[in-house]
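Numbering (our numbering), first residue to last: -8 to 209.
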C-alpha cells in the first residue's frame, strides 16, 4: 500500500499547514516543466498530487489512516528483520546556486549501501565528498539525483537536490533553445530570415500604391 506520508516526507501527526507546505515544496521540485523528458519526475509529481488530495481532506485522510494501519498490522509478520534496506542519511551541496563551469562540492552519507549513482556524474563509493562542474545549463534549476544501491537485496533509495542556475537568463537565446536542438536550429533560421527581410526592406524600400497621388499626377 502506498504510504502518502512518506511521499510528502511527513509524520503521521502532521497538520494541514505542514501538509500544504510539503506539497508546495515537492510539487515545485518535481514539476515536469522543470524536469523535461524525465519520466521518473512525472510519476513522482502525480504521486505527490495524489498524496496531497488524500491527506488534505479530513474525511479521506481518516479513511486512509484506517486502511494504512490495518495493512501495516497484517504485513508485520512478514517483515524480515535481517534484511538491510538502503538509507540516505545526508545528501547535500555547498552552494545554493551554481554557474556554468563553476566548481561545487557534493557530500553524501548512506547506510546499508554498496555504491551510489549520482546523475549526471556517474557511480561512486557508498560515502564520499566530491567536487564537480556542469556545462551547458539551459534550465533555471538543476536537479541532481542520488540513487543508493544495496547489492544483496537489489533495493534502492533516492534523494534529490534542486540547485538554482545562476547563469540562466530569460533572454532570446534561452527561448530559442528551450525545446531542443532541432527546434533551436529552426528558430535561428526563422529569426535570421526575418532579419534579412527587414534589411532588404530598408535597402531597397517599398513602393506604396497611393490612388490619391496618382490622381493628382494626372
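We treat Cβ as the ideally placed atom computed from N, Cα and C, and that holds for glycine.
| Query | Result |
| --- | --- |
| Based on Cα-Cα distance, which residue from 140, 156, 153 lies nearest to residue 103? | 140 |
| Tell me the residue span of the beta strand (DSSP E) that contains residue 128. | Premise fails: residue 128 is in no beta strand (DSSP E) and is neither H nor E. |
| Expressed to the nearest angstrom, what Euclidean distance is found between the alpha-carbon atoms of residue -1 and residue 192? | 59 Å |
| Measure the Cβ-Cβ separation of residue 43 and residue 14 and say whether it is below 8 Å. | yes |
| Looking only at DSSP bridge pairs, what is residue 149 linked to? | 138 |
| Over the uninterrupted beta strand (DSSP E) stretch that includes residue 6, give me the two end residues. | It is not in any beta strand (DSSP E) - residue 6 carries neither H nor E in the DSSP assignment. |
| Helix, strand or coil for residue 112? Go by DSSP, reduced to three states. | coil |
| At the level of alpha carbons, what is the spacing between residue 2 and residue 148? | 19 Å |
| In this structure, how does DSSP classify residue 105 when only helix, strand and coil are distinguished? | coil |
| Quick check on the burial criterion: 16 or more other C-beta atoms within 10 angstroms. Buried or exposed for residue 54? | exposed |
| Quick one: does the C-beta of residue 151 sit closer than 7 Å to a heavy atom of the ligand NAD? | Absent from the structure shown: the ligand NAD. Ligands present: none. |
| Only counting the same chain, and skipping five residues up and downstream in sequence, which positions put a Cβ closer than 6 Å to that of residue 20? | 153 |
| Rounding to the nearest angstrom, what Cα-Cα distance links residue 105 and residue 151 in this structure? | 19 Å |
| Check for me: the beta strand (DSSP E) holding residue 82 runs from which residue to which? | 78 to 84 |
| Tell me, to the nearest whole angstrom, how far the beta carbon of residue 128 is from that of residue 85; I am working on the premise that it is less than 8 Å. | With a Cβ gap of about 18 Å, residue 128 and residue 85 do not count as contacting. |
| Would you tell me roughly how many angstroms separate the C-alpha atoms of residue 158 and residue 87, rounded to the nearest one? | 13 Å |
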